[in-house]
């Protein structure tokens with residue numbers, strides 16, 4: 910029986926010159942305390958832009974958890990945009 914939900918989010922930095930490690934640390938601090946980052950991956954896009962793929966775990970029984978993670982990411986100034994790639998039970 911699954912107790913957590915894994916959401917994979919493709920995050921686009923607002924500037925190609927931003928340090929991705931700093932952005933990753935800020936993401937970990939920004940998401941709610943009940944959520945955790947399982948792992949980060951990087952995906953080259955074009956012309957030096959590298960997207961960050963954040964795999965975020967949230968409790969399955971917490972309603973609106975993914976929405977809250979997304980709304981907090983929208984408020985970050987180092988992120989220009991993001992896409993939810995996948996959400997599944999684990």
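Residue numbers (the numbering used here): 910 to 999.
We put the beta carbon where it would ideally sit given N, CA and C, even for glycine.
Supposed contact pair residue j and residue i - C-beta distance, whole angstroms, cut 8 Å
| i | j | result |
| --- | --- | --- |
| residue 925 | residue 982 | Their Cβ separation, rounded to whole angstroms, is 19 Å, which puts residue 925 and residue 982 out of contact at 8 Å. |
| residue 996 | residue 975 | 6 Å |
Bridge partners - residue i, DSSP secondary structure assignment
| i | result |
| --- | --- |
| residue 993 | 918 |
| residue 936 | DSSP output for residue 936 lists no bridge partner at all. |
| residue 952 | 960 |
Buried versus exposed call for residue i [16 or more other C-beta atoms within 10 Å across all chains shown]
| i | result |
| --- | --- |
| residue 988 | buried |
| residue 922 | buried |
| residue 958 | exposed |
| residue 944 | buried |
First and last residue of the uninterrupted alpha helix (DSSP H) at residue i
| i | result |
| --- | --- |
| residue 975 | 974 to 983 |
Nearest neighbour of residue i, chosen from the options [CA to CA]
| i | options | result |
| --- | --- | --- |
| residue 938 | 994, 915, 985 and 992 | 985 |
| residue 966 | 942, 954, 951 and 960 | 942 |
Range of the contiguous beta strand (DSSP E) that encloses residue i
| i | result |
| --- | --- |
| residue 958 | 958 to 968 |
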